[in-house]
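These notes are about the structure you will find just below.
2 protein chains.
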Amino acid sequence: MHLREELQITKSFEPGQEVALALLLGREYLTRLFDKGLFEREEISDQQFNVLRILKGGPREGYLVKDLRCRMIFRFADVPRLVNRLEARGLVKRCENPADRRGSRVQLTAKGQALEARLRARHQALSARVDHCLSPAERDQLLSLLERLRDDHREQLAELEG
Amino acid sequence: MHLREELQITKSFEPGQEVALALLLGREYLTRLFDKGLFEREEISDQQFNVLRILKGGPREGYLVKDLRCRMIFRFADVPRLVNRLEARGLVKRCENPADRRGSRVQLTAKGQALEARLRARHQALSARVDHCLSPAERDQLLSLLERLRDDHREQLAELEG
DNA sequence: CTGTATTCCATGGTGAAACACCTAATCCAA
DNA sequence: TTGGATTAGGTGTTTCACCATGGAATACAG
Chain A
2 MHLREELQIT KSFEPGQEVA LALLLGREYL TRLFDKGLFE REEISDQQFN
52 VLRILKGGPR EGYLVKDLRC RMIFRFADVP RLVNRLEARG LVKRCENPAD
102 RRGSRVQLTA KGQALEARLR ARHQALSARV DHCLSPAERD QLLSLLERLR
152 DDHREQLAEL EG
Chain B
2 MHLREELQIT KSFEPGQEVA LALLLGREYL TRLFDKGLFE REEISDQQFN
52 VLRILKGGPR EGYLVKDLRC RMIFRFADVP RLVNRLEARG LVKRCENPAD
102 RRGSRVQLTA KGQALEARLR ARHQALSARV DHCLSPAERD QLLSLLERLR
152 DDHREQLAEL EG
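One line per chain: the protein sequences are A and B, in this order. Those letters in the first sequence? Residues 2 to 163, per my numbering, in order. Those letters in the second sequence? Residues 2 to 163, per my numbering, in order.
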């Protein structure tokens, strides 16, 4: 369905708006799909799953909060409280870090590992279906275009901040 | 910058994850860019601007809350309270709707029109730069791929809910 | 015309995000 | 060593999203 139909827009698009809208709407569908198909039934948020997944892929001794933060997709996430919630559910634990007592290492518990594994299986199934409607060439093209946009956005952000 | 570098991922991607991550990250950059470059300095949220923009493009008598909702990108937005906040700032007003007294029509005030126009100008400048790093052919390709993904996601969502 | 179903909106509660502030540990230069 | 700067992370507050509830107006079947 075309953007204009989808958002019931009657006027013509301004240049550039279409790409922005498509990106916003694309991620909107994606998150809604994963919320419905995955996170909702396990009562976990996408951000929380992201932490579990990062920990799973990390070293056995875990990550510091700052290491988690820079790996999160949503950069300014409130990582300490995110970890608090996971800790309260017993999915994660904090261990003292003798090398630098300012920060503690966050590690998956056995329960957290089990949940991560369960979610990962379903996540893969959903992701595979996302992928499935594109040919490999299209997929690569999409990835490369999105990468170009990211690079450009990063540049513009730097201009705005610097 | 490649996704893997950006998120400091060491392991290989599972199939399909890359597209999902790229979408999430793409919209992340986009919203951050618009927040920094536009919304932050006017002390308005993207959702609030979206309402103003929808009203601007709509009929002179305004829209009902439900008409706003179905045109929002973020579908489950808390539209009544969004309108409350805009109303409190004098950007929007509610008028009785004689045809159906269950809902009132939301209209832009003069102040709201002025702010919308100011934001729109800057929004266009930013959007144009977003567009600028893609050729027209690439732009169309990106839009069409994203549209295909949306259609597929919608289908999957319907399956999950039905 | 009457009772029921439906639609539209507002609101209360819960939980999470944004932003700034605060504490503690570490680093480093004088 | 000691003083300040830096870094890590926790906390307080406000705002907002999300869900469920409820009430008012409308539509409709009988």
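For each residue, glycine too, the CB sits at the ideal point set by N, CA and C.
- Hey, how far is the Cα of D79/A from the Cα of R151/A? As a first step, residue 79/A is located in the first sequence; it is residue number 78 there, counting from the start. As a first step, residue 151/A is located in the first sequence; it is residue number 150 there, counting from the start. Cα-Cα distance, rounded: 23 Å.
- Reduced DSSP category for C71/A - H, G, I as helix; E, B as strand; rest coil: Reading the first sequence from its first residue, position 70 is the one you call residue 71/A. Look at C71/A here: in three-state DSSP terms it is helix.
- Run of the alpha helix (DSSP H) containing Q114/B, from where it starts to where it stops: The residue you call residue 114/B lines up with position 113 of the second sequence. Element bounds for Q114/B: 111–133.
- Cross-chain neighbours of K12/A in chain B, by beta carbon under 9 Å: Position 11 of the first sequence, counted from the start, is the residue given in the question as residue 12/A. Chain B residues near K12/A: G58.
- Query: Whose C-beta lies closer than 8 Å to the C-beta of Q114/A among residues of the same chain, with five residues either side of it excluded?
  - Reply: Counting from one through the first sequence, the residue named residue 114/A turns up at place 113. In the same chain as Q114/A, and ignoring 5 residues on each side of it, the C-beta atoms closer than 8 Å to its own belong to K57, in chain order.
- Item | Assigned secondary structure, Q18/B (DSSP; H/G/I helix, E/B strand, else coil) | Reading the second sequence from its first residue, position 17 is the one you call residue 18/B. In the displayed model, Q18/B falls within a helix according to three-state DSSP.
- Query: Since V52/A contacts L87/A with CB under 8 Å, what's their CB separation in whole angstroms?
  - Reply: Taking the first sequence and counting its residues from 1, the one referred to as residue 52/A is at position 51. Taking the first sequence and counting its residues from 1, the one referred to as residue 87/A is at position 86. Taking 8 Å as the upper bound for CB-CB distance, V52/A and L87/A are in contact here, some 6 Å apart.
- Message: Can you give me the C-alpha to C-alpha distance between R90/B and I45/B, rounded to a whole angstrom?
- Response: Here residue 90/B corresponds to residue number 89 of the second sequence, with the count starting at 1. Here residue 45/B corresponds to residue number 44 of the second sequence, with the count starting at 1. Roughly 10 Å separates the two Cα atoms.
- Item | Neighbour list for R149/A in chain B, Cβ cutoff strictly below 9 Å | On the first sequence, residue 149/A is found 148 positions in, with the first residue counted as 1. Here the neighbours are C134, L135, E139.
- Message: Taking the alpha-carbon of Q48/A as reference, which of L69/A, E62/A, P60/A, Y64/A has the nearest alpha-carbon?
- Response: The sequence position of residue 48/A within the first sequence is 47, counting from 1. When L69/A, E62/A, P60/A, Y64/A are compared, the shortest CA-CA separation from Q48/A is found for L69/A.
- Indicate whether L34/B and L158/A have their beta-carbon atoms separated by less than 8 Å. Within the second sequence, the letter at position 33 stands for residue 34/B. Within the first sequence, the letter at position 157 stands for residue 158/A. In this structure, L34/B sits near L158/A, with a CB-CB distance shorter than 8 Å.
- Item | Alpha-carbon to alpha-carbon, L65/B and A129/B | Counted from its first residue, the second sequence places residue 129/B at position 128. Counted from its first residue, the second sequence places residue 65/B at position 64. Cα to Cα, the separation comes out at about 31 Å.
- Task: Could you tell me which chain A residues have their CB closer than 7 Å to the CB of R33/B, listed as they occur along the chain?
- Result: Working through the second sequence from its first residue, we reach residue 33/B at position 32. The answer, in chain order, is L158.
- Message: Going by DSSP in three states, K94/B sits in which element: helix, strand or coil?
- Response: Within the second sequence, the letter at position 93 stands for residue 94/B. The answer is strand: DSSP assigns K94/B an E or B state.
- Going by beta carbon distance, what residues of the same chain come within less than 8 Å of G63/A, once the five residues before and after it are set aside? As a working note, residue 63/A is residue 62 in the first sequence. In chain order, L56, C96, R106, V107, Q108, L109 place their CB closer than 8 Å to the CB of G63/A, counting only its own chain and leaving out the 5 sequence neighbours on each side.
- Task: Please name the residue in S13/B, H133/B, E19/B whose C-alpha comes closest to that of P137/A.
- Result: Along the first sequence, read from residue 1 onward, the residue named residue 137/A stands at position 136. Answer by Cα proximity: E19/B.
- Task: Please classify R106/B: does DSSP put it in a helix, a strand, or coil?
- Result: The sequence position of residue 106/B within the second sequence is 105, counting from 1. Taken through DSSP and simplified to helix, strand or coil, R106/B comes out as strand.
- Task: Using a threshold of 8 Å, state whether the C-beta atoms of E29/A and F75/B are closer than that.
- Result: Locating residue 29/A in the first sequence gives position 28, counting from the first residue. Locating residue 75/B in the second sequence gives position 74, counting from the first residue. In this structure, the beta-carbon distance from E29/A to F75/B falls below 8 Å.
- Item | Selection of the stretch 61–81 of chain B by Cβ proximity to chain A, strictly under 9 Å | From the stretch 61–81 of chain B, only D68, C71, R72, M73, I74, F75, R76, F77 have a Cβ closer than 9 Å to chain A.
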